[in-house]
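J.:
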Amino acid sequence: MCLCMVQAAEAQLLASTQAGTVSAEDVLHVCIPLINSKSSSLLERGVFKLAELLREKTNLEREVGLCALYHLALGHYKLGDERTALGLIQSILAAKSFHTSAVAPKQLCIDKMISKHKSSGLLSRLMRKK
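Residues are numbered in my numbering as their position in the sequence shown, beginning at 1, plus a constant of 168.
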């Protein structure tokens with residue numbers, strides 16, 4: 169992801185903030201390039217902003233909320249926090265019976281956990297906690 173895209177999105181958010189018209193979509197528009205970046209500092213910034221958005225705005229439109237949850241899960245997954253990512257994906261799947269963009273990261277997360285903890289008893293304990 170190009171740093172110029174992040175800077176352009178942040179400039180647009182700043183302009184909206186100064187005008188007093190910041191919406192959840194504006195914040196999400198900034199967070200998506202941050203989550204898609206390869207830089208861990210940008211990725212952490214995106215995760216922080218999305219978590220803050222979801223904490224502050226409890227009455228988001230359904231699709232905006234699901235999109236924010238999905239990108240937050242993706243950010244946690246890319247940062248190596250599979251347990252939090254899996255919990256967020258479960259929330260998405262509970263909210264929407266079939267969300268195609270949520271299925272692939274969930275399967276990747278589960279596959280990674282299985283290969284990592286194949287011989288330990290941790291996997292069986294995780295599967296029992298459903």
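Here a beta-carbon is modelled for each residue, glycine too, at the ideal position from N, C-alpha and C.
Predicted, not measured: the structure shown is a model, and the values here were computed from it.
Compute the Euclidean distance between the alpha carbons of Q180 and G233, then round it to the nearest angstrom.
T.: If you number the sequence shown from 1, residue 180 lands on position 12. If you number the sequence shown from 1, residue 233 lands on position 65. In a straight line, the C-alpha of Q180 is about 21 Å away from that of G233.
J.: Tell me which same chain residues have a C-beta within less than 6 Å of the C-beta of M228, skipping the five on either side of it?
T.: The residue labelled residue 228 in the question sits at position 60 within the sequence shown. Reading off the sequence shown, one finds Leu at residue 228, where the question assumed Met. Hits under 6 Å: A192.
J.: In angstroms with no decimal places, state the Cα-to-Cα distance between L152 and T226.
T.: An answer regarding residue 152 cannot be provided, because it is not within the stretch 169 to 298 covered by the chain.
J.: Is V174 helix, strand or coil by DSSP?
T.: Counted from its first residue, the sequence shown places residue 174 at position 6. The answer is helix: DSSP assigns V174 an H, G or I state.
J.: Quick check on DSSP: helix, strand or coil for L294?
T.: On the sequence shown, residue 294 is found 126 positions in, with the first residue counted as 1. Annotation note: pLDDT 47 at L294 (below 50); position unreliable, coordinate value reported separately. Helix.
J.: Tell me which same chain residues have a C-beta within less than 7 Å of the C-beta of C199, skipping the five on either side of it?
T.: Position 31 of the sequence shown, counted from the first residue, corresponds to residue 199. Once the five neighbours on either side are set aside, the close Cβ partners of C199 are G214, K217, L218, H239.
J.: I need the boundaries of the alpha helix (DSSP H) containing K246, first residue and last residue.
T.: Looking up residue 246 in the sequence shown gives position 78. From DSSP, the alpha helix (DSSP H) with K246 extends over 230-246.
J.: May I ask you to report which of helix, strand or coil DSSP gives D249?
T.: Numbered from its first residue, the sequence shown carries residue 249 at position 81. If DSSP states are grouped into helix, strand and coil, D249 belongs with coil.
J.: Mapping the DSSP letters down to three states, classify R215 as helix, strand or coil.
T.: Position 47 of the sequence shown, counting from 1, holds the residue named residue 215. The amino acid at residue 215 is misidentified as Arg; the sequence shows Val. Annotated three-state conformation of V215 is helix, per DSSP.
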